[in-house]
Amino acid sequence: MNAVPPGPAARFPFRHLLGIEGLHPPQIEALLDLAESYALLNRSGKTQRDLLRGRTLINLFFEDSTRTRMSFELAGKRLGADVLSMAVATSSVNKGETLLDTAATLNAMNCDLLVVRHAASGAPALLAQKVDAAVINAGDGTHEHPTQALLDALTIRRHKGRLAGLTVAICGDIAHSRVARSNIHLLIAMGSRVHLVGPPTLMPAAVDRLGAHVFHDMAQGLAGADIVMMLRLQRERTARGLVPSAREYFRFWGLDAARLALARPDALVMHPGPMNRGVEIDSQVADDPARSLIREQVEMGVAVRMAVLDVLARAPRGRRAKPAA
Ligand code: ASP
Ligand code: CP
Numbered sequence: 020m021n022a023v024p025p026g027p028a029a030r031f032p033f034r035h036l037l038g039i040e041g042l043h044p045p046q047i048e049a050l051l052d053l054a055e056s057y058a059l060l061n062r063s064g065k066t067q068r069d070l071l072r073g074r075t076l077i078n079l080f081f082e083d084s085t086r087t088r089m090s091f092e093l094a095g096k097r098l099g100a101d102v103l104s105m106a107v108a109t110s111s112v113n114k115g116e117t118l119l120d121t122a123a124t125l126n127a128m129n130c131d132l133l134v135v136r137h138a139a140s141g142a143p144a145l146l147a148q149k150v151d152a153a154v155i156n157a158g159d160g161t162h163e164h165p166t167q168a169l170l171d172a173l174t175i176r177r178h179k180g181r182l183a184g185l186t187v188a189i190c191g192d193i194a195h196s197r198v199a200r201s202n203i204h205l206l207i208a209m210g211s212r213v214h215l216v217g218p219p220t221l222m223p224a225a226v227d228r229l230g231a232h233v234f235h236d237m238a239q240g241l242a243g244a245d246i247v248m249m250l251r252l253q254r255e256r257t258a259r260g261l262v263p264s265a266r267e268y269f270r271f272w273g274l275d276a277a278r279l280a281l282a283r284p285d286a287l288v289m290h291p292g293p294m295n296r297g298v299e300i301d302s303q304v305a306d307d308p309a310r311s312l313i314r315e316q317v318e319m320g321v322a323v324r325m326a327v328l329d330v331l332a333r334a335p336r337g338r339r340a341k342p343a344a
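20 is the number of the first residue of the sequence shown in my numbering; add one for each residue after it.
Okay, here's the thing in structure tokens:
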């Protein structure tokens, strides 16, 4: 069965997916269109097990994950790949094996697709230069989380019908968020207006160069927003003292129903997960089926990852001179 047309693969001519920055709108659209067809296929209960038959996908996660790792596993299995997830905590990394040697070891097992999450920004890009497998960035430090931005865009497009012309308020710990960075690149490329809302201590250096509008006040930042995207405080990457207590943080920067009322009346709520309830988001809005897209984001994560595996698996194998996206 080949229910999904191969066309989009031709419109995404890259060997790896390392980030959103630098992708052109038609390439983003190609991935979103393909992901939409996988979303429909998934909902119909059908699978497409032939596409990646005989291919090997390895998840290599040096940082914790629930959604990204599980959905890459599911996506790979739905497309028929042999899927392995290396348990880094019990691997030979603990005996001192380096990231590059670990990747070279997996490469020697003829891995076709290597999905990498690492605390160091740039780690997947480094691996992409060393292995024959297609490398997918599943989140690197504070740099990028490209499949998250794609699944967010797909979710928005399904509800608002478009990305161009929308106002998306991204709120909270922008400085340490790879989700924010990938979303900023994608949304601006696709013609959305992006509001970045948070305290000055949680804004990245050179924020003015990102092409977004910066607000240090929730009321101003949420005004006119079609989408309110909340972010978790990245405590694992944050120096102590950047934020007050969780309760204080929620008082100034948290989203509850009263704050959501400051956005457009039909504004929808997103969060990449995992949520810290009562810190950046209140349960009443997180769990409101009329306003919250959080569960659908997770569902779209599977479809987007199927689309990414699909296009990369169709690209020729082996190292290439062409720089990766
Ligand atoms: N899960 C996302 C990430 O790994 C967001 C978060 O952890 O807050 O970047
Ligand atoms: N959104 C996201 O990346 O979630 P995980 O950290 O659980 O994978």
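The beta carbon of each residue, even a glycine, is placed where N, CA and C say it ideally should be.
- Residue 283 sits in coil when the DSSP states are folded into three classes, being neither helix nor strand.
- In the DSSP assignment, residue 311 forms a beta bridge with 288.
- If one requires a minimum length of 4 residues, the alpha helix (DSSP H) runs lying completely within the segment 197 to 275 are 197 to 208, 237 to 241 and 265 to 272, in chain order.
- Counting C-beta pairs with one atom in each stretch, the segment 311 to 321 and the segment 262 to 280 have fewer than three that are closer than 8 angstroms, which means they do not touch.
- Look at residue 105 here: in three-state DSSP terms it is strand.
- With fewer than 16 neighbouring CB atoms inside 10 Å of its own CB, residue 302 falls in the exposed class.
- Apart from the 5 residues on each side of it in sequence, residue 208 sits with its Cβ closer than 6 angstroms to the Cβ of 44 in its chain, given in chain order.
- If you check the CB distance, residue 131 and residue 74 come in under 8 angstroms.
- Beta-bridge partners assigned by DSSP to residue 188: 214 and 247.
- With a cutoff of 8 angstroms on beta-carbon distance, residue 294 and residue 256 are scored as not near each other.
- Shown in chain order are the residues whose CB sits closer than 7 angstroms to a heavy atom of the ligand CP: 83, 84, 85, 86, 87, 88, 158, 164, 167, 198, 291, 292 and 293.
- Under the rule that a run must span 4 or more residues, the alpha helix (DSSP H) segments found entirely inside the segment 132 to 166 read 142 to 147.
- Our two residues, residue 191 and residue 296, have alpha carbons roughly 14 angstroms apart in a direct line.
- 197 is the residue among 99, 197, 101 and 60 whose C-alpha sits nearest the C-alpha of residue 137.
- Three or more beta-carbon pairs separated by less than 8 angstroms link the segment 85 to 99 to the segment 319 to 326, which places the two stretches in contact.
- Collapsing the DSSP output to three states places residue 175 in a helix.
- Boundaries of the beta strand (DSSP E) harbouring residue 75: 75 to 80, taken from the DSSP string.
- A Cβ-Cβ distance of about 5 angstroms is found for the pair residue 103 and residue 77, placing them in contact under the 8 angstroms criterion.
- Assignment of residue 300 by DSSP, reduced to helix, strand and coil, places it in the strand class.
- For residue 49, the enclosing alpha helix (DSSP H) has its first and last residue at 44 to 63.
- Out of 144, 253, 222 and 281, the CA that lies nearest to the CA of residue 240 is found in 281.
- Between the segment 80 to 90 and the segment 154 to 171, the count of C-beta pairs closer than 8 angstroms reaches three or more; the two stretches touch.
- Comparing alpha carbon positions, the residue from 126, 93 and 80 closest to residue 110 is 80.
- Taking C-beta atoms under 8 angstroms as the contact rule, residue 195 and residue 253 qualify, at a distance of about 4 angstroms.
- Look at residue 37 here: in three-state DSSP terms it is coil, with no helix or strand label.
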